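Going by this note's numbering, the sequence shown opens with residue 183, and the numbers climb by one from there.
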Amino acid sequence: MVSHELGKPSLTRFRVIARNPALDATVVELEPVTGRSHQLRVHLAALGHPILGDDLYAGAAANRAARLLLHAAEIAFPHPADGRPANFRCPAPFIALEKAAITL
Numbered sequence: 183m184v185s186h187e188l189g190k191p192s193l194t195r196f197r198v199i200a201r202n203p204a205l206d207a208t209v210v211e212l213e214p215v216t217g218r219s220h221q222l223r224v225h226l227a228a229l230g231h232p233i234l235g236d237d238l239y240a241g242a243a244a245n246r247a248a249r250l251l252l253h254a255a256e257i258a259f260p261h262p263a264d265g266r267p268a269n270f271r272c273p274a275p276f277i278a279l280e281k282a283a284i285t286l
């Protein structure tokens with residue numbers, strides 16, 4: 183739930199990767215510019231395109247996937263011991279399957 187009175191500003195950038203009109207589904211790449219709780223989930227639900235499997239914000243769309251189809255493909259932060267940049271990448275396990283069935 184968004185609190186317009188108490189909530190803080192937040193920004194998410196997105197890019198469409200693939201679409202499947204037959205399944206009414208789209209694969210997107212999301213970049214949270216700010217770091218608010220549930221930011222990606224709230225923004226997509228507010229746009230009318232909730233993340234599949236999101237039982238908190240998606241309503242009926244939650245039943246279309248066995249789990250939340252949200253994955254951190256890349257994360258970077260300062261290493262806690264020495265402050266050097268630590269970067270990690272891990273492709274989403276469902277992207278290959280989705281891209282095989284979805285066209286742009």
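Idealized CB from N, CA, C, for every residue including glycine. Remember, it's a predicted structure, so these values are computed and weren't measured experimentally.
* Helix, strand or coil at ARG197 [DSSP, three-state] -> By 1-based counting over the sequence shown, the position of residue 197 is 15. Residue state, collapsed to three classes: strand.
* Considering only C-alpha positions, which residue in the set ARG223, ARG197, ALA263 and ALA243 is nearest to LEU205? -> On the sequence shown, position 23 is the one that residue 205 refers to. It is ALA243 whose Cα lies nearest to the Cα of LEU205.
* Asked: With C-beta atoms as the reference, is ALA254 less than 9 Å away from LEU234?
  -> Sequence index remark: in the sequence shown, residue 254 carries index 72 (1-based). Sequence index remark: in the sequence shown, residue 234 carries index 52 (1-based). ALA254 places its beta carbon 9 Å or farther from that of LEU234.
* Asked: If you run the structure through DSSP and keep just helix, strand and coil, what is LEU222?
  -> Mapped onto the sequence shown, residue 222 falls at position 40. In the structure shown, LEU222 sits in a helix (DSSP, three-state: H, G or I).
* Could you give the uninterrupted runs of the alpha helix (DSSP H) lying entirely in the stretch 217–271, keeping only those of 4 residues or more? -> Listed in chain order, they are 221–228.
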